[in-house]
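See structure below.
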Amino acid sequence: MTTLAAGRTRAREIAGTVVDPEMPMLTLVDLGVLRDVTESEVGVSVTITPTYSGCPAMATMRDDLVHALSDAGYAEVEVKVSLSPAWSSDWITAEGRRKLRAHGLSAPGPSPTGPVQLSLAPVRRAIDCPRCGSADVRLTSEFGPTACKALYQCNDCLEPFEHVKEI
Amino acid sequence: MDDLDLDHESVYDGLLGGDSSQWAFGTDFEDPLAGVDTMIPAGVDGAALAAYCLMLGDDALIYAHRLSEWTSNAPDLEDDIALANIALDLLGQARLLLARAAAADASVVPQMPEGSPVPPEDALAFFRDEHAFRNMGYVEALNGDFAVTIVRLLLFSSHRLALLQRLATSVDPVLSAIAAKGVKEVTYHRDYAGRWFVTLAGGTEESRRRLVAGLRTVWPTYAELSRSTQVETLASEQRFGVDPAVLTEEVDAVVDHVLAMAALERPDLPPSGTGPMGRIGRHTEEMGHLLAEMQVVARAHPLGKW
Ligand SMILES: [Zn+2]
C-alpha cells in the first residue's frame, strides 16, 4: 500500500512537470487542466480537461504526458479526457498567474457567473500592462493567436500584450 | 504500393527519430470521448440520439468550414483571427458531437476500407455523401461580404447559444457536457457578432448600407433555425435534446434588442423555403462545392495517416 501511495505522488509530480504547449511557462497544474492522476498495479491513468472544445493542444498534452510518465518507468500510461465540469479560467493557479505576468501576459479576472448576458458594449476589464503596470490599456482584439487569449496594447509604454480570457 | 506504405516512407521519419508523437497532432488519433461514459441513458433511443447529434454536429462542422474561408480574407487581421477562432470552436464542438453520434449508433458511420486509421468522427465528416448530412441549409450559404457574415453569425450564435443553454440539462451526460462547454464559447461569438452589427449600423453611410443589405439577404433564412423535425421532437420528449421551436421567443428577444441598438427594424420579408430540408438531407447547390473542398484530401487517402 505504501508503494502505491508513494507511486501516486510520484506520478503526480511527474505529470505536474508537463507544460502547456502554447503557454510553456505554465505546467498543466498551473493551467488547471490536470484533473487526476491515479496509479494502479499496471501503470498510471491521468485525466485532463480541454480548455476549449477545439483546443489543438490537447493531443500534444496527451503525448507529452505519455512521454514523461513512460520515461519515468510507467509501463502503461492512459490519458483520459474529462469534459465535465467544463474548464474555467478560474482554475489557473496563483502560481500560474504569477508566471503569466512574469512572461508578459495578463492573467484572467474572475470568470463570468450567472445567466449569460449579451454584451454589445466594448469589453471592459480592469487589467494593467504586464510590462509597465499602467492601467491605461486598450483592447485591440477579443480573439487572439489562440482561442484562450485576447489582444491588448498599453497606451503608456505602447507594448502589445496578450490577456488570457475569462471563461 | 498502397497509401499505408507511402506514409511509412515519409521524408520526416528521419527527423522524428521514429517517434511520431513529436508531432503536434500525433499521427494516431485520439478518441475525443476517451474516458467519457458513452452508455445510452435509460429511456433514450440510441438511433434518435445519434440522428440528433448529427444535426447539431453537422451545423457546427459546415458552418465552421464556411467561416474558415475568411482566413486571410477578413477586413483586418483582428477579424481574420476572430473568425478563425470562432470556426475552430465550432469545429471542436462538431468533433465531439459527431463522436457522440458514432458512439450512440455505429451504423451512422460510413464503412471504411480495412486497415483505415480514420476515426469514426472523421469518417462522418469526410466520407459521408451530401444526402447523409443533416445540417440546416442556413449554414451552407456563401459568406457574402463581411456584413452578410456578421448578420448570419449573429442570428446563428443567438440561436445556438439559447439551444446549448437548454441542452446543458440533457439527460445524456455527454451532450450535457458538450453543451455546457459550448455555452462559454458561443457567448463570445454572439458578443462579437452583436458588437460588429451595431458598429456597422452606426458607422459610415456605406457600412450601414451594407449591413441593411446583409440583413435583407439573411433574414428570410432566419426562420429555418427554429423549424423542428421529428427527430428534434423526439429528442425533446426523451429529454436528451431541444425542440428548436421553443427557442423562438428567447432568440427573437435578443435579435430585437440588437436591432433596436442598431436603430433598425425587422425586414418585412417572408421566410424562404417551407421545411427543414437540410435536416432530411436535401441541400443547396453551395453544399456540393463546400463538401468537395472539405473532403477531397481525406477521400484521396482513405488509408492515410496525418
Ligand atoms: Zn505598459
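Same order as they appear, the protein sequences are chains H and U. Per my numbering, the very first residue in the first sequence carries number 1; after that it's consecutive. Per my numbering, the very first residue in the second sequence carries number 1001; after that it's consecutive. All C-beta atoms, glycine included, are put in the ideal place defined by N, C-alpha and C. This one's a predicted model, so the numbers in the text were calculated from it and none came from an experiment.
Neighbouring residues, chain H, relative to Pro1032(U) (Cβ below 8 Å): Val81
Which residues have their C-beta within less than 6 Å of a heavy atom of ligand 1, listed in chain order? Cys129(H), Arg131(H), Cys132(H), Ser134(H), Cys154(H), Asp156(H), Cys157(H), Glu159(H)
Interface positions of the region 1160 to 1182 of chain U facing chain H (Cβ-Cβ less than 8 Å), listed along the chain: Leu1161, Gln1165, Pro1173, Val1174, Ser1176, Ala1177, Ile1178, Ala1180, Lys1181, Gly1182
Three Cβ pairs or more, each shorter than 8 Å: is that satisfied between the region 127 to 145 of chain H and the region 48 to 67 of chain H? no
Taking just the CA atoms, how far does Ser70(H) sit from Gly43(H)? 9 Å
Starting from Leu151(H), follow its DSSP beta bridges and name the residues at the other end. Ser141(H), Glu162(H)
Return yes when the Cβ of Phe1156(U) is within less than 8 Å of the Cβ of Tyr1052(U), no when it is not. no
Buried or exposed: where does Asn1073(U) fall if 16 or more other Cβ atoms within 10 Å of its Cβ makes it buried? exposed
So, is the C-beta of Thr27(H) closer than 8 Å to a C-beta in chain U? no
Using beta-carbon positions only, say whether Leu1247(U) and His1159(U) come within less than 8 Å of one another. yes
Name, please, each residue of chain H whose Cβ falls closer than 8 Å to the Cβ of Ala1082(U). Ser141, Glu142, Phe143
Using a C-beta to C-beta distance shorter than 9 Å, which residues of chain H count as neighbours of His1257(U)? Leu118, Leu120
For Ile1150(U), which three-state DSSP category applies? helix
Separation of Trp87(H) from Val1174(U), as counted between CA atoms: 15 Å
Give a yes or no on whether 8 Å exceeds the smallest Cβ distance from Gly1092(U) to chain H. yes
Runs of 4 residues minimum, wholly inside the region 1046 to 1116 of chain U: which ones carry the alpha helix (DSSP H) assignment? 1046 to 1068, 1077 to 1104
Below 6 Å CB to CB, which residues in the same chain sit around Asp1058(U) once its five sequence neighbours on both sides are set aside? Phe1133, Arg1134, Asn1135
Name the chain U residues that come within less than 9 Å of Ile167(H), Cβ to Cβ? Lys1184, Glu1185, Thr1187, Tyr1188
Taking 8 Å as the cut-off, does the region 1245 to 1265 of chain U touch the region 1086 to 1095 of chain U (at least 3 CB pairs, one atom from each stretch)? no
Which residues mark the beginning and the end of the beta strand (DSSP E) in which Gly43(H) is found? 43 to 48
Helix, strand or coil for Pro85(H) per DSSP? coil
Over the uninterrupted beta strand (DSSP E) stretch that includes Thr38(H), give me the two end residues. 34 to 39
Start and end of the alpha helix (DSSP H) containing Asp1268(U)? Element bounds for Asp1268(U): n/a, residue is neither H nor E.
Does the region 93 to 113 of chain H come within contact of the region 24 to 43 of chain H, defined as at least 3 CB pairs closer than 8 Å? yes
Quick check on the DSSP output: the alpha helix (DSSP H) that includes Tyr1188(U) runs from which residue to which? 1173 to 1201
Mind checking who Val19(H) pairs with in its DSSP beta bridge? Thr27(H)
Reducing DSSP to helix, strand and coil, say where Val77(H) ends up. strand
Return the Cβ separation of Leu100(H) and Pro122(H) in integer angstroms, given the expectation that the two are a contact with Cβ distance under 8 Å. With 8 Å as the limit, Leu100(H) and Pro122(H) do not qualify as a contact, their Cβ atoms being about 23 Å apart.
Among all the DSSP beta bridges, which residues are the ones paired with Ser106(H)? His163(H)
Continuous alpha helix (DSSP H) stretch holding Val1297(U): start and end: 1285 to 1300
Indicate whether at least one CB of chain U lies closer than 8 Å to the CB of Ala86(H). yes
What residue range is occupied by the uninterrupted alpha helix (DSSP H) comprising Met58(H)? 57 to 71
Report the rounded CA-to-CA distance for Val1255(U) versus Arg1195(U), giving the unit in angstroms. 12 Å
If you compare alpha carbons, which of Arg62(H), Lys80(H), Leu151(H) is closest to Ile127(H)? Leu151(H)
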